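What follows is a short report on a single structure.
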Amino acid sequence: MNLHEYQAKELLSRNGVNTPEGQVCDTPAEAKNIAEKLFGDGHDMVVVKSQIHAGGRGKGTFTSGYQGGVKLLKTADEVEASAKAMLGETLVTKQTGPEGRKVNKILVAAAPAIKKELYLAALLDRAIGRPILMASVEGGMDIEEVAETSPEKILKVVVDPAFGLEAFQARNLAKQLGMSGKLIGQAAKLFQGVYNTYMNCDASLVEINPLCIVELPDGSESLVAVDAKISIDDNALFRHADIVGMRDLEEEAPLEIEAGKFDLSYIKLDGNIACLVNGAGLAMATMDIIQHFGGSPANFLDVGGGASKEQVKAAFKIILSDPNVKGILVNIFGGIMQCDIIASGILAAVEETNLNLPLVVRLEGTNVAIGKKLIEESDLSVIGADSLSEAAKKVVEAVA
Amino acid sequence: MAILVNSDTRIVVQGITGSFGGKHAKLSLDYGTQVVAGVTPGKGGQTFEGVTPIFDTVSEAVAETQATVSVIFVPAAFAADAILEAVDAKVDLVVCITEGIPVNDMVRVKRAMEGSSTRLIGPNCPGLVTPGEGENSHGGCRIGIAPGYIHKKGHIGVVSRSGTLTYEAVWQLTSRGVGQSTCVGIGGDPVNGTSHLDIVKMFNDDPDTHGIIMIGEIGGSAEEEAAEWIAANCKKPVAGFIAGATAPPGRRMGHAGAIVSGGKGAASTKIQAMKDAGISVATTPSDIADTLLKMM
């Protein structure tokens with residue numbers, strides 16, 4: 001599950017990470033009030049940031065023509081005007097796709113005087129099964145690009161999960177990032193806060209980009225998490241009721257939400273051949289073989305190891321709500337699941353949804369003979385196939 | 001021979017009184033596997049199917065029945081604890097079937113298992129099967145949820161992250177009259193107990209295994225590591241397949257570990273690494289068995 005920037009900053013500040021003073025809101029009037037307070041506190045600049053689950057907001061364009069989903073402003077009136085231009089409008093960035101995302105909330109925050117931008121993240125290193133902190137002096141940039149072009153600029157600290165991030169490890173990292181003086185102690189506290197946020201929230205990623213060295217009005221330096229992104233491990237949500245409350249359903253695809261209700265794993269893709277498969281690996285392989293024979297998969301859909309008749313029906317309804325779908329491939333390896341039960345689920349779904357698209361069904365496994373017979377004897381037009389390659393060829397031909 | 005388990009292996013089932021665990025314990029018993037004990041805290045003293053004794057703790061079960069392998073079917077929220085209980089009881093092998101365990105729980109388990117002689121397979125895996133000599137491979141060792149009858153005793157080792165895709169490959173072999181030594185599903189989670197490489201090394205050392213099928217998927221770099229070792233050390237023909245060539249980056253494809261992120265874990269890089277290591281990579285999931293058989 002992904003969080004908004006303002007939510008990520010809230011979790012970080014609970015763990016002692018310094019974030020810019022500010023507040024989230026959903027009306028221009030509130031935005032103006034927050035800005036007046038910030039200017040009244042002595043801040044010279046205020047930033048208005050669209051809250052959507054996508055990067056590239058600053059360089060994005062609203063469908064209204066308004067430029068930029070992040071604005072640096074000098075007066076409360078400008079903040080109000082900018083809030084008016086963003087709220088309720090659709091922002092298109094390089095990560096949203098052409099349809100963009102509707103901005104329902106904006107974050108209004110103090111914009112500190114930035115001296116240097118760094119990158120910091122806490123995540124899992126799969127190869128060793130331990131959490132790491134990853135940092136770079138190349139802040140504000142796309143970190144994947146940095147990893148590609150100058151991998152030596154990516155620093156990594158492996159954390160022993162039994163003990164957490166030790167203070168000396170954090171100080172060493174600060175030093176490697178070029179910090180000195182009081183900043184080293186501050187950085188150590190911040191790095192530990194970021195690691196603790198990662199562990200305490202069961203995050204799969206905590207990313208601060210940029211992490212900024214800023215100049216305070218008295219001329220001294222300080223460290224601030226200017227932008228933040230957090231993703232939570234879905235499997236751990238059961239023990240984080242507060243974080244579940246932060247879920248923004250408007251940021252998720254409606255069909256994927258619907259699939260979740262039936263314990264189906266569904267991801268919409270751009271093609272026109274829908275697939276319904278049991279098992280994640282076989283579901284991916286089925287998508288691959290469709291493409292191999294020149295077709296294009298409309299979705300990933302794993303009905304799980306022991307799908308019921310109801311789940312199969314729900315799965316059909318979900319894949320059929322995608323208007324791009326021109327044909328369906330069902331590929332079931334009924335190991336524990338019995339093919340005859342799957343077959344009757346398919347037939348019930350076909351009847352109930354008045355399916356009039358080509359449907360190719362490949363069944364293998366327990367009770368396969370009975371399953372195939374059920375399908376053959378029905379008066380519904382279902383195209384049978386004995387192997388996965390035959391099934392894929394047939395469905396690609398059917399939609400051609 | 002085979003690897004890890006054989007028809008004499010004695011198994012304890014953690015979570016045997018749950019519907020999922022019970023169903024598969026019964027299927028394993030029917031397959032002829034030595035399911036000698038069950039564990040459900042609070043239900044010690046009862047029996048499963050009227051024969052298999054149930055204990056409150058794994059250590060009691062091990063002491064009373066000399067089980068050497070534990071298989072775990074308990075719900076995700078309690079699975080990490082169940083794994084550590086089995087490790088503490090010093091079984092040789094723990095197979096965790098449970099899906100949906102928080103990643104941090106597995107990070108903790110992996111840390112706690114450092115220095116332990118117990119091996120973990122999974123979590124989120126179908127388990128493993130060493131086929132038997134009877135009809136439909138009856139009499140073998142079936143641990144987990146794979147359908148027993150699709151197997152056939154023989155000399156091909158199969159290792160895979162996914163369940164049904166493993167069955168697909170096994171069934172292709174069996175349909176062509178080719179049997180398997182052992183088939184191992186290592187699971188689709190980002191942090192797991194046993195890697196492709198661990199299993200490939202065992203197959204390489206097993207005189208009963210004459211060829212290896214290694215099935216991977218997008219995410220992580222475990223397949224690349226195995227490929228590198230195979231190139232330098234493996235004496236046996238290896239065929240492979242990688243699922244997820246069509247998966248878009250940044251989207252998790254069902255398995256928690258199946259995600260292309262930060263430019264890493266793409267199918268194309270894995271396939272290239274495997275080809276560079278002399279592994280024959282099947283172009284479609286329908287050709288996995290034939291790809292290996294052509295090499296032998």
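Protein chains in written order, with our numbering: chain V, 1 to 400; chain S, 1 to 296. Ideal Cβ placement from N, Cα and C applies to all residues, glycine included. Treat the numbers as computed from the prediction; the structure is a model and nothing was measured.
For the C-beta of S204/V, the chain S residues within less than 8 Å are, from N- to C-terminus, V103. A straight-line Cα-Cα distance of about 13 Å links F168/V and Q186/V. If you draw a straight line from the Cα of V330/V to the Cα of R251/S, it is about 22 Å long.
Under the DSSP definition of a beta bridge, N192/S lacks any partner. By the rule that beta-carbons nearer than 8 Å mark a contact, I150/S touches chain V. In this structure, the straight-line span from the alpha carbon of V382/V to that of E352/V is close to 15 Å.
Setting aside the 5 residues that flank it on each side, K74/V is surrounded in the same chain by M45, each with a C-beta closer than 7 Å to its C-beta; the list follows chain order. Under the DSSP assignment, V184/S falls in the beta strand (DSSP E) whose first and last residues are 180-185.
Runs of beta strand (DSSP E) with 3 or more residues, each lying fully within the stretch 266-348 of chain V, are found at 273-277, 299-302, 327-334, listed in chain order.
Linking P210/V to S160/S through their CA atoms gives a straight-line distance of about 40 Å.
Using a CB distance cut-off of 8 Å, S389/V counts as an interface residue toward chain S. When C-alpha distances from L72/V are compared across H43/V, A298/V, L255/V, the shortest belongs to H43/V. Contact between I267/V and N299/V holds: their C-beta atoms lie close to 6 Å from each other, under 8 Å. For the stretch 179-209 of chain V, the continuous alpha helix (DSSP H) assignments of 4+ residues that do not extend past its boundaries occur at 182-200, in sequence order.
For G144/S, the closest C-alpha among the options F55/S, G42/S, F20/S is that of F20/S. In this structure R239/V is exposed. Its beta-carbon is surrounded by fewer than 16 other beta-carbon atoms within 10 angstroms. Within the stretch 284-317 of chain V, M284, A285, M287, D288, I289, Q291, H292, P297, F300, D302, G305 place their CB atoms closer than 7 Å to a CB of chain S, listed in sequence order. With a cut-off of 8 Å on Cβ pairs, the stretch 160-173 of chain S is in contact with the stretch 276-294 of chain S, counting three or more such pairs. D288/V has its alpha-carbon roughly 31 Å from the corresponding atom of E377/V.
Sixteen is the threshold: since fewer than 16 other Cβ atoms of the shown chains lie within 10 Å of the Cβ of F163/V, the residue is exposed. In terms of beta-carbon proximity, F238/V lines the interface with chain S, with at least one pair separated by less than 8 Å. Separation of M296/S and R176/S (C-alpha to C-alpha, rounded to the nearest whole angstrom) is 14 Å. Proximity of the stretch 128-138 of chain S to the stretch 223-241 of chain S falls short of the contact definition, fewer than three beta-carbon pairs being nearer than 8 Å. Nearest C-alpha to D208/S among T33/S, G188/S, C183/S: C183/S. The alpha-carbon of S265/V is positioned some 6 Å away from that of A259/V. Contacts with chain V (Cβ-Cβ distance below 7 Å) from the stretch 166-177 of chain S involve Y167, E168, W171, listed in chain order. F333/V has a beta carbon lying within less than 8 Å of a beta carbon in chain S. Per DSSP, the beta-bridge partners of A37/S are V12/S. Here E99/V is exposed. Its C-beta has fewer than 16 other C-beta atoms within 10 Å.
If you check each beta-carbon in the stretch 361-392 of chain V against every beta-carbon of chain S, the ones closer than 7 Å belong to E364, G365, T366, S387, L388, S389. Looking at D302/V, G365/V, S296/V, Q338/V, the one whose alpha-carbon comes closest to that of N324/V is S296/V. Boundaries for S220/V: no beta strand (DSSP E) harbours it, and the DSSP string shows neither H nor E there. For H155/S, the enclosing beta strand (DSSP E) stretches over residues 153-160. With respect to the 8 Å criterion, A63/S and L84/S are not classified as neighbours on the basis of their beta carbons. In chain order, A247, P248, R251, R252, M253, G254 make up the part of chain S whose C-beta sits under 9 Å from the C-beta of I267/V.
Remark: fewer than three beta-carbon pairs, one from each stretch, lie closer than 8 Å, so the stretch 187-205 of chain V and the stretch 104-113 of chain V are not flagged as touching.
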